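What follows is a single structure, written as structure tokens, with notes after it.
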Amino acid sequence: MKAKKNGQKTYTLEELTDKYIGKKGTHEREKFEYELKADIIGDIIKQTRIKKNMTQEQLENLIGVQKAQISKIENNTKDVRFSTILRVFEALKAKVNLSIIFENHRKFKVA
């Protein structure tokens, strides 16, 4: 926390997240961060689809999913299979690189 000249206190995003969501390692914080990542992935898919002037229905047809599945992915309203996400990125002609780092610092990269 920092004090400003006008007497107002400022907080970092980390401090506010700790206070209102929970500290790192707590169930609440883990759930929040998981949902945030899913929201970000959905937004990336939506923005890329829009930039390619593609409708949700066109994308659905490219990857062979049930109607409205793309909307659910973009809006994070349903857990989806990782394979479906990969098919979406493939249809959008996006290259996916996955990096996994375990607690023991073992690293795996998939490109």
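If you count the sequence shown from 1, position 73 lands on 71 in my numbering, and the numbers rise without skipping.
Glycine residues also receive a C-beta, built at the ideal position from the N, C-alpha and C atoms.
Note that the structure is a prediction, hence the values are computed from the model and not measured.
Separation of residue j from residue i, as counted between CA atoms
i	j	result
residue 73	residue 89	18 Å
residue 11	residue 19	11 Å
residue 5	residue 22	29 Å
residue 9	residue 65	44 Å
residue 25	residue 95	28 Å
Cβ neighbour criterion (16 or more within 10 Å) applied to residue i
i	result
residue 54	buried
residue 79	exposed
residue 43	buried
residue 47	buried
Residue i in three-state terms, based on DSSP
i	result
residue 24	coil
residue 75	coil
residue 53	coil
residue 48	helix
residue 17	helix
Among the options, nearest to residue i - alpha-carbon criterion
i	options	result
residue 15	6, 76, 49, 29	29
residue 83	102, 25, 37	37
residue 93	33, 108, 68	108
residue 35	51, 105, 100, 77	77
Chain B within 8 Å of residue i, Cβ atoms only
i	result
residue 76	The structure shown contains no chain B; it holds only a single protein chain.
Supposed close pair residue i, residue j - CB separation, criterion 8 Å
i	j	result
residue 39	residue 57	Incorrect: roughly 14 Å between the Cβ atoms, too far for contact.
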